[in-house]
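**Q** Yeah, the first sequence ends on 485 if you go by this note's numbering, and it's all consecutive. All residues carry an ideal CB built from backbone N, CA and C; glycine is no exception. Since the structure is predicted, the reported quantities are computational estimates derived from the model, not experimental observations. Structure provided below as C-alpha cells; questions to follow.
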Amino acid sequence: MTCAIVWFRRDLRLTDNPALATALQSCRTIIPLYIHHPDDKTPWQPGAASRWWLHHSLYNLSQALRQQSSRLVIERGEVNVVLRRLINKHNVTHLFWNRLYDPWIVERDHVIQQAFQSAGVHCQCFNASLLIEPWKITTRSDLPFRVFTPFWNRCQQLLASIDHPIPRPDALLPPPKGIASLTLESLGLLPAHTWDEGLTSIWHPGETGALNQLRRFLDTRLTQYITDREIPGRAGTSRLSPHLHFGEIGPRQILHALGAATMGSADHGNDSARGYLRELGWREFAHHLIYHFPETHHSPLNPNFHHFPWSWRDESAETLSAWQYGETGIPIVDAGMRELRHTGWMHNRVRMIVASLLTKNLGFHWLEGARWFWNTLVDANLANNTLGWQWTAGCGADAAPFFRIFNPIRQGKRFDPKGDYVRRWIPELATIPDKHVHAPWLVDKRLLINSGIELGKSYPQPIIDLKSSRQQALSHWHRIK
DNA sequence: CCCCTGTTCGG
DNA sequence: CGAACAGGG
C-alpha cells in the first residue's frame, strides 16, 4: 500500500502540476498538504496583500480538491517536523513537490530531501514554475547569464523542446480516512480590519481565476499588447503576475496557449505574442539570477555599488511616507503608489518611474522601496522584486545604467498623454488641462485656481526638485564610477 | 524599457 | 522655432 504526500507550496493548481501527476501515477492514497510556517527565518515574510491572496488561493484549491473527493490538509509549524509527523502517522512512502528558487527554500528543500530519502521515503521534486530552470543554461564560458538579451536568445532556442502542460487530472485519490487538518481561517492570513475591499473587487485568486484571466487576456488584449502594454491608463497587460507567483498557472500553460492563440494570425499579433513572451522571459531571467546570485536580494550584483553612498539625502520618515502613500506632489508617481495601495498591484512602467524617483531623486536605498513593494504587492516575488529594484537602482548586472534617471514629467507625457491614469488615482487633478496634468506646480496660479486646485491644500507641492536632485545623484555616482 | 544639451536642418 | 539627431552622463 503506497501513500504519497503532495506538498503544495507555491504551485496552487491541479493542471500541469507534475508533483501531483506523478503521485497519481505511482500511489494509491494521496495527502494534498499545505504547511504554513510563519516563523521561517526569512527576512522576507509575506506581507498583508500577499497573505490575503494566499488565503483565497488556498480556499480555491481546497474547493477544487473537494470536488474530486479529496481535500486539502492544512498544517502549521516547522516543515520538517510536520512532514515527519505525517509520514510516520500515515505510513507515507512517497513525498512529491515542485521546486522553488528562493535561496533559503533551495537550501531547506535540499536538507529535507536528504533526510527523508535516507529514512526510506521516496522523495522527488519537479519543475512547475519555470520554462527553463536556472541550471539548464549557461553562457559560452559556462557561467550564469548576467545579461538579458543573450539569456533570452538562448532560452528561445529551447522553447520548442519544452514539455506540453500536463492535463488536469480527471480523478484524484482520497486522503487517508479521518486525517486531521487545521481550518484555513485558523492560519489568520486575512487582515484584521477590512482594507481589502479594493482587492476583492478586482482580483480572483485561485486556479479558476488564473485560467479565466489568461483566457480573457488572450481573447481580448493580446493583439494590442505590443502597443498597449506601456500605457498604464489602459488595461493592456496580462495581470497574471500574482497568479504566476502562487503557481495557480504555470508558464508552460501560457506558452502553450499563446502558441495556439497566435497560430496563423497576422504579423502584428505575432509581435504581440513575442513581446508578451519576452516579459515571461524577464521572469525567467529574474529566477536565473536569484538562483545563481542568492545574495542579491539584499546586496548589489554589481560590486561597484557595494560602497555606494545610498541614502544621500534627508532619509526622513516623512519623505519616505510621502512616497509610500502617494503624496509626493508628482502626479504619475502618486497615481502609481495609490494604485498599489488600493489594488495591491502597479503597472510595470509606473513601477520603474516610482522606483527611479525613490532611489535617484529622493536618495533612498533601493531596499527601502523593495520592502514597501514586498509588503503591498499581491504579486510580491523575491526574484522579480530583486531584479526590478536592482535594475532601476542601476546596481544589477544588466541594469539600467545609473545615469538613466527617469524624468516623471516626461514619462507621464509619453505614456499617459491625456492623464487618464493620473486622474483615475488622483481625482483632485480631474479638472486640470491635459497638458499640465503631469506638472501642476509649473502652471500659472490663476489657471490652477480656475481648475479648483490649490497646491499645498488639495494636492501637495512637489517634495523634491527634479533637476537639482538629479544632479546630486549623478555626482554621487561619479565617485564610484 | 533614459535624459539632457547642443547642434543642425527645414520651414 | 520645432523636429531630428549626436554625444555623453
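(1) Is the distance from the Cβ of Gly398 to the Cβ of Arg414 below 9 Å?
(2) Quick one: grab the DSSP three-state call for Arg355.
(3) For the putative contact between Val110 and Ile39, defined by C-beta atoms under 8 Å, what is the C-beta separation to the nearest angstrom?
(4) If you draw a straight line from the alpha carbon of Leu16 to that of Asp402, how long is it in whole angstroms?
(5) Comparing alpha-carbon positions, which option in Ala477, Arg375, Gly416, Ala387 lies nearest Ile334?
(6) If I measure Cβ to Cβ from Ser303 and keep anything under 8 Å in the same chain, skipping five residues before and after, which residues do I get?
(7) I'd like to check one pair, Leu218 with Leu259: are the Cβ atoms closer than 9 Å?
(8) In this structure, does DSSP put Ala52 in helix, strand or coil?
(9) Where does Val96 fall in DSSP's three states?
(10) Between Arg474, Val447, Leu433, which lies nearest to Asn411 when the distance is taken from Cα to Cα?
(11) Quick one: Cα of Pro195 to Cα of Thr347, how far?
(12) Looking at C-alpha atoms only, which residue of Pro180, His168, His208, Pro138 is the closest neighbour of Arg103?
(13) Which residue wins for smallest C-alpha separation from Pro464, given the options Glu82, Trp445, Trp481, Cys7?
(14) Since Ile467 contacts Thr323 with CB under 8 Å, what's their CB separation in whole angstroms?
(15) Kindly identify the DSSP beta-bridge partner or partners of Val10.
(16) In whole angstroms, what separates the C-alpha of Asn274 from that of Trp316?
(17) Please check the pair Arg345 and Tyr329, which I expect to be a contact at CB under 8 Å, by giving their CB distance rounded to whole angstroms.
(18) Check each candidate in Ile91, Trp207, Leu262 and name the one with the smallest Cα separation from Pro180.
(19) Between Ile484 and the rest of its own chain, which residues show a CB-CB distance below 6 Å, the 5 nearest in sequence each way excluded?
(20) Run through DSSP, which three-state label would Tyr425 get?
(21) Can you name the start and end residues of the alpha helix (DSSP H) that Arg474 belongs to?
(22) Tell me the DSSP secondary structure of Ile409 in three-state form.
(23) With burial defined as no fewer than 16 other Cβ atoms inside 10 Å of the residue's Cβ, what is the status of Ile453: buried or exposed?
(24) Over what stretch of residues does the alpha helix (DSSP H) that includes Cys399 continue unbroken?
(25) On a CA-only basis, which of Pro437, Ala265, Pro255 is nearest Arg287? Give me that one, please.
(26) Look at the Cβ atom of His168, then the Cβ atom of Cys127, and state whether they are nearer than 9 Å.
(27) Could you check what DSSP says for His311 in three-state terms: helix, strand or coil?
(28) Excluding the five sequence neighbours on either side, which residues of its own chain have a C-beta within less than 6 Å of the C-beta of Asn385, listed in chain order?
(29) Helix, strand or coil for Val447 per DSSP?
(30) Could you spell out where the beta strand (DSSP E) holding Glu201 opens and where it closes?
**A** For this structure:
(1) Walking along the first sequence from the start, residue 398 turns up at place 394. Walking along the first sequence from the start, residue 414 turns up at place 410. In terms of Cβ geometry, Gly398 and Arg414 do not form a close pair [threshold 9 Å].
(2) Residue 355 sits at position 351 when you count from the first residue of the first sequence. Arg355 carries a helical assignment under DSSP once its states are collapsed to helix, strand and coil.
(3) Within the first sequence, numbered from 1, the residue matching residue 110 stands at position 106. Within the first sequence, numbered from 1, the residue matching residue 39 stands at position 35. The Cβ separation is near 17 Å, so there is no contact.
(4) Here the question's residue 16 lines up with position 12 in the first sequence. Here the question's residue 402 lines up with position 398 in the first sequence. Rounded to whole angstroms, Leu16 and Asp402 show a C-alpha spacing of 32 Å.
(5) The count along the first sequence starts at 1 and reaches residue 334 at position 330. Here the closest residue by C-alpha is Gly416.
(6) Translated into positions along the first sequence, residue 303 becomes position 299. Take Ser303, set aside five residues on each side of it, and the residues of its chain with a beta-carbon closer than 8 Å to its own are His310, in chain order.
(7) Walking along the first sequence from the start, residue 259 turns up at place 255. Walking along the first sequence from the start, residue 218 turns up at place 214. Contact: no.
(8) As a first step, residue 52 is located in the first sequence; it is residue number 48 there, counting from the start. DSSP, reduced to helix, strand and coil, places Ala52 within a helical segment of the structure shown.
(9) Your numbering for residue 96 matches position 92 in the first sequence. Shown here, Val96 sits in coil according to DSSP, grouped into three states, outside any helix or strand.
(10) In the first sequence, the residue the question calls residue 411 occupies position 407. It is Arg474 whose Cα lies nearest to the Cα of Asn411.
(11) On the first sequence, position 191 is the one that residue 195 refers to. On the first sequence, position 343 is the one that residue 347 refers to. Each residue's CA atom was taken as its position, placing Pro195 and Thr347 some 15 Å apart.
(12) The count along the first sequence starts at 1 and reaches residue 103 at position 99. Proximity to Arg103 across Pro180, His168, His208, Pro138 peaks at Pro138, based on C-alpha coordinates.
(13) For the purposes of this step, residue 464 is identified with residue 460 of the first sequence, where counting begins at 1. By alpha-carbon distance to Pro464, the top candidate from Glu82, Trp445, Trp481, Cys7 is Trp445.
(14) Walking along the first sequence from the start, residue 467 turns up at place 463. Walking along the first sequence from the start, residue 323 turns up at place 319. About 6 Å separates the beta carbons of Ile467 and Thr323, which is inside the 8 Å limit, making them a contact pair.
(15) Locating residue 10 in the first sequence gives position 6, counting from the first residue. Its beta-bridge partners are Pro36, Phe100.
(16) If you number the first sequence from 1, residue 274 lands on position 270. If you number the first sequence from 1, residue 316 lands on position 312. Looking at the two C-alpha atoms, the distance is approximately 45 Å.
(17) For the purposes of this step, residue 345 is taken as the residue at position 341 of the first sequence. For the purposes of this step, residue 329 is taken as the residue at position 325 of the first sequence. The C-beta distance from Arg345 to Tyr329 rounds to 7 Å, short enough to fall under 8 Å.
(18) Sequence index remark: in the first sequence, residue 180 carries index 176 (1-based). Here the closest residue by C-alpha is Ile91.
(19) The residue labelled residue 484 in the question sits at position 480 within the first sequence. Sequence-distant Cβ neighbours of Ile484 in its own chain, meaning closer than 6 Å and more than five residues away, are Asn308, Phe312.
(20) As a first step, residue 425 must be located in the first sequence, where it is residue number 421. Correct three-state label for Tyr425: helix.
(21) Along the first sequence, one-based indexing puts residue 474 at 470. Taken as a continuous stretch (DSSP letters only), the alpha helix (DSSP H) holding Arg474 covers 470-484.
(22) The residue given as residue 409 occupies position 405 in the first sequence. For Ile409, the secondary structure class from DSSP, reduced to helix, strand or coil, is coil.
(23) Here residue 453 is taken as the residue at index 449 of the first sequence, counted from 1. Exposed is the call here.
(24) Numbered from 1 along the first sequence, position 395 holds the residue referred to as residue 399. Per DSSP, Cys399 belongs to no alpha helix (DSSP H) and is neither H nor E.
(25) Looking up residue 287 in the first sequence gives position 283. Nearest of Pro437, Ala265, Pro255 to Arg287, Cα basis: Pro255.
(26) For the purposes of this step, residue 168 is taken as residue 164 along the first sequence, with counting starting at 1. For the purposes of this step, residue 127 is taken as residue 123 along the first sequence, with counting starting at 1. No; because the gap between Cβ atoms is not below 9 Å, this pair is not in contact.
(27) Indexing the first sequence from 1 puts residue 311 at position 307. Collapsing the DSSP output to three states places His311 in coil.
(28) Stepping through the first sequence from its first residue, residue 385 is reached at position 381. Short of 6 Å from the beta carbon of Asn385, and not among the five residues preceding or following it, lie these beta carbons of its own chain, in chain order: His249.
(29) Mapped onto the first sequence, residue 447 falls at position 443. DSSP places Val447 in coil when its eight states are reduced to three.
(30) Numbered from its first residue, the first sequence carries residue 201 at position 197. Boundaries for Glu201: no beta strand (DSSP E) harbours it, while the alpha helix (DSSP H) harbouring it runs 201-206, taken from the DSSP string.
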